[in-house]
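Heads up: the sequence lines are chains A and B, in that order.
Heads up, the first sequence is in the working numbering, so the first residue is 1 and it goes up one at a time.
Heads up, the second sequence is in the working numbering, so the first residue is 335 and it goes up one at a time.
Note that beta-carbon positions come from the ideal geometry of N, C-alpha and C, so glycine has one too.
The structure presented is a predicted model; accordingly, all values stated were derived computationally and were not measured.
Below is one structure; the comments refer to it alone.
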Amino acid sequence: MGRITLDKVTKQFGDVQVIPPLDLTINDGEFVVFVGPSGCGKSTLLRLIAGLEDVTAGEIRIDGKPATDLPPAKRGLAMVFQSYALYPHMSVRKNIAFPMKMAGMPEDEQKRRIDNAARALNLTDYLDRRPGQLSGGQRQRVAIGRAIVREPAAFLFDEPLSNLDAALRVGMRMEISELHKKLDTTMIYVTHDQVEAMTMADKIVVLRAGNIEQVGSPLELYKAPRNTFVAGFIGSPKMNLIEGAEAGKHDATTIGIRPEHIDVSPTDGAWKGRIGVAEHLGSDTFFHVHDTGLGETLTIRAGGEVGLHHGDTVYLTPQADKIHRFDAQGLRIA
Amino acid sequence: MARAVSTRRKAGYTIAAWIIGFAIFFPILWTIITSFKTEAEAISSPPSFLFFNWTTENYSTVLERSNYFRHFWNSVVISLGSTVLGLIIAIPAAWSMAFVPSKHTKNVLMWMLSTKMLPPVGVLIPIYLIFRDFGLLDSRIGLVIVLTLINLPIIVWMLYTYFKEIPGEILEASRMDGATLRDEIIYVLTPMAVPGIASTLLLNVILAWNEAFWTLNLTAAKAAPLTAFIASYSSPEGLFYAKLSAASTMAIAPILILGWFSQKQLVRGLTFGAVK
Chain A
1 MGRITLDKVT
11 KQFGDVQVIP
21 PLDLTINDGE
31 FVVFVGPSGC
41 GKSTLLRLIA
51 GLEDVTAGEI
61 RIDGKPATDL
71 PPAKRGLAMV
81 FQSYALYPHM
91 SVRKNIAFPM
101 KMAGMPEDEQ
111 KRRIDNAARA
121 LNLTDYLDRR
131 PGQLSGGQRQ
141 RVAIGRAIVR
151 EPAAFLFDEP
161 LSNLDAALRV
171 GMRMEISELH
181 KKLDTTMIYV
191 THDQVEAMTM
201 ADKIVVLRAG
211 NIEQVGSPLE
221 LYKAPRNTFV
231 AGFIGSPKMN
241 LIEGAEAGKH
251 DATTIGIRPE
261 HIDVSPTDGA
271 WKGRIGVAEH
281 LGSDTFFHVH
291 DTGLGETLTI
301 RAGGEVGLHH
311 GDTVYLTPQA
321 DKIHRFDAQG
331 LRIA
Chain B
335 MARAVSTRRK
345 AGYTIAAWII
355 GFAIFFPILW
365 TIITSFKTEA
375 EAISSPPSFL
385 FFNWTTENYS
395 TVLERSNYFR
405 HFWNSVVISL
415 GSTVLGLIIA
425 IPAAWSMAFV
435 PSKHTKNVLM
445 WMLSTKMLPP
455 VGVLIPIYLI
465 FRDFGLLDSR
475 IGLVIVLTLI
485 NLPIIVWMLY
495 TYFKEIPGEI
505 LEASRMDGAT
515 LRDEIIYVLT
525 PMAVPGIAST
535 LLLNVILAWN
545 EAFWTLNLTA
555 AKAAPLTAFI
565 ASYSSPEGLF
575 YAKLSAASTM
585 AIAPILILGW
595 FSQKQLVRGL
605 TFGAVK
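This is the structure:
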């Protein structure tokens, strides 16, 4: 079980309010990702749930039981840190055994769980090494192993992949997703990388300055962002946001159109512009189009190879049903 | 690319280092040589460096005249006692300052260090009177207390620096893993800080062993350590250089040997944090 409820949770550091009163429910077995720019309070929120920081006001409940005043170890949660936070003076085996040793678990049960975790994480050959002798990916797996053996109510991940190189990051991302499918345990995952959020989450919580901007499934956020912040934050490349007269035509202050929802033509279309940087990736081609008269540079994503280059004049047509409209407060107009 | 250093320049540095090293070591060497001379040779001018009648009579006279082993034992008890007591107080203090700092932690650290800027003689009278009233004069326990207090700022500062190097996330991880504060200090913090604690211990033993001001002023006969043993040979009946040198050599030999065997640990400890 691992249902976590936050009720008007508030956090202040001195006079600075990092998290204004915040409500959130995380259901059992869900993979929830907290995403937002750095300094948005996502790590603080995770640390409040973990018990590493005290809440200023409000209540945290885990499986219905009040956990606000419980010390971290009593909450039944396991955490994987960005720096892995392995114990450098202990072997991999002892690192993984540490939480069980602290819980006073019988030796043979400890051994059984260590062997299981090592097998699941491909660490069997490394059990007697020290963390210093392992690669970044292996260290991360040890940190996950140390979390798994506790059989926690929920796993907390604090930017676990940001110290890994790009290729390894994609691999570990899949491993963590698979682990979630296998264990079916609640996971809360903090990242600033919206690609990680989109690919892994059942539910994404977008945070800005401690406030929840939107909660929803990846596709809900993609298809119906609640405001211009979420619109700009979710999706890669970023959504094009256009203000002024063009937005006025749609009875909105701002309109948003994703790069993949603009059709490109060398001959005719709604907007005329000149190609700046063209990025040819083979599978996709990205154009940055200037001088459209709409104010901003527009980013366009065209599928496959497109024979247009820097300096070419192009005509752009937004797909009418894919236009997002926002009012003066930046909120979505339904 | 590593900076290229020519062989000639390297040789130059090596020679300079040897000269400086020798200059620092020379007084000790001279003391040791003098301890093997007769009193007449010790004050002869020009002094002879190696070619004189080597004799061990100073050592036998010194051993006859005073109880070297009692002083030695006092030094051991006082320096180890004050170091261990200091560590027991300083480990929790440094822990709290490194991992749960408050607004005033930096001020507390500076204030502690500032006590080292006070000339000890400034507080000699009050401490002497307190010691007299509590019956601590000329007692080993009294010296253990005063040397602990004198060196505590340095112990706290050194440990604080080592603890600062330990990432807070590791301690948080142990807290998540169910470690109590006691478990955290015993199983995680202390093993990780062992090199730092060891060099703090070594340095402090050396400082306490060599401390002369308080040990001379607060002892008479019973608790007098080796510093008092040396001082007793610069006595009213005039200086006896050879015997004084023999006493000094015997007093510094134990700590010199300890320092020699632990020099790697000491250097590592003192440059910890500065060199990565």
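Would you kindly check if the distance between the Cβ of A:Val206 and the Cβ of A:Leu221 is under 8 Å?
yes
Less than 8 Å between the CB atoms is what I'm expecting for B:Ile531 and B:Gly593, so what's the real figure, rounded?
In fact, because the Cβ distance is near 18 Å, the residues do not count as touching under 8 Å.
Helix, strand or coil for B:Gln599? Go by DSSP, reduced to three states.
Of the three classes helix, strand and coil, the one that applies to B:Gln599 here is helix, per DSSP.
Suppose contacts are defined by Cβ-Cβ distances below 8 Å. Is A:Pro72 in contact with B:Met526 by that definition?
It is not a contact, given that the beta carbons lie outside the stated cut-off.
List the endpoints of the continuous beta strand (DSSP E) containing A:Arg61.
57-62
Taking the straight line between their C-alpha atoms, what separation do you get for B:Glu391 and B:Phe360?
The alpha-carbon atoms of B:Glu391 and B:Phe360 are separated by roughly 23 Å.
Have a look at B:Ile519, B:Ala555, B:Trp548, B:Ala562 and flag the residue whose alpha-carbon is nearest the alpha-carbon of B:Ile422.
B:Ile519
So which residues of chain A does B:Ile504 contact, with C-beta pairs closer than 7 Å?
Ala85, Tyr87
Using the beta-carbon count (16 or more within 10 Å), is A:Asn122 buried or exposed?
exposed
Let me check understanding here. Comparing Cα to Cα, which of A:Gly256, A:Gly58, A:Gln133 lies closest to A:Gly232?
A:Gly256
Apart from the five residues on each side of it in sequence, which residues of its chain come closer than 8 Å, Cβ to Cβ, to B:Leu447?
Result list for B:Leu447: Pro487, Trp491, in chain order.
Does the Cβ of A:Arg146 have 16 or more other Cβ atoms within 10 Å, making it buried, or fewer, making it exposed?
buried
Assuming the contact rule is C-beta atoms closer than 8 Å, A:Val264 and A:Ile300 should be a hit. Round their C-beta distance to whole Å, please.
6 Å
Starting from B:Ala532 and walking both ways along the alpha helix (DSSP H), at which residues does that stretch end?
524-544
For A:Pro20, name the three-state secondary structure that DSSP assigns.
strand
Taking buried to mean at least 16 other C-beta atoms within 10 Å of its own C-beta, is A:His261 buried or exposed?
buried
Mind pulling the chain A residues with CB within less than 7 Å of B:Val522?
Tyr87
Who are the neighbours of A:Ala231 on chain B, taking C-beta pairs under 8 Å?
Near A:Ala231 there are no residues of chain B at all, since even the closest Cβ is about 34 Å away, more than 8 Å.
Strictly by DSSP, which residues pair up with A:Ala209?
Paired residues: none, contrary to the question.
Mind reading off the beta-carbon distance from A:Arg226 to A:Met239? Whole number of angstroms is fine, and I expect it under 8 Å.
The Cβ separation is near 13 Å, so there is no contact.
Would the C-beta of B:Glu506 count as close to the ligand FMN, meaning under 7 Å from any of its heavy atoms?
Looking for the ligand FMN in the displayed structure turns up nothing, as the structure carries no ligands at all.
Check each candidate in A:Asp268, A:Met198, A:Ala302, A:Thr292 and name the one with the smallest Cα separation from A:Phe34.
A:Met198
The alpha helix (DSSP H) spanning B:Thr482 covers which residue range?
474-498
Need the endpoints of the beta strand (DSSP E) that A:Gln138 sits in, please.
Per DSSP, A:Gln138 belongs to no beta strand (DSSP E); it is in the alpha helix (DSSP H), 136-148.
Pull up the distance between the alpha-carbon of B:Thr549 and that of B:Ala562, whole angstroms please.
7 Å
From the DSSP output, in three-state form, read off A:Arg47 for me.
Note: A:Arg47 maps to helix in three-state DSSP.
State yes or no: is the C-beta of B:Thr567 within less than 8 Å of the C-beta of B:Glu373?
The question names Thr, yet the displayed sequence has Tyr at residue 567 of chain B. Not in contact: B:Tyr567 and B:Glu373 (Cβ atoms no closer than 8 Å).
Indicate the three-state DSSP secondary structure (helix, strand or coil) for A:Lys319 in the structure shown.
Reading off the sequence shown, one finds Gln at residue 319 of chain A, where the question assumed Lys. A:Gln319 falls in the coil class under three-state DSSP.
Pull up the DSSP beta-bridge partners for A:Thr313, would you.
Beta-bridge pairing links A:Thr313 to A:Arg274.
Going straight from the alpha carbon of A:Thr186 to that of A:Phe157, what length do you get?
So the two alpha carbons sit approximately 11 Å from each other.
Which residues in the same chain have their Cβ closer than 7 Å to the Cβ of B:Lys610, if we skip the five residues on either side of it in sequence?
Its pLDDT being 32, under 50, B:Lys610 is placed unreliably in this model, and the coordinates cannot settle the point.
Answer with buried or exposed for B:Trp429, where buried requires no fewer than 16 other C-beta atoms within 10 angstroms of its C-beta.
Buried: at least 16 other Cβ atoms inside 10 Å.
Can you confirm whether the stretch 168-187 of chain A touches the stretch 36-50 of chain A when touching is taken to mean that 3 or more C-beta pairs between the two stretches lie within less than 8 Å?
no
Can you give me the C-alpha to C-alpha distance between B:Leu483 and B:Ile358, rounded to a whole angstrom?
30 Å
Measure the beta-carbon distance from A:Leu77 to A:Ala153 and round it to whole angstroms, keeping in mind my assumption that it falls under 8 Å.
Confirmed, Cβ separation roughly 6 Å.
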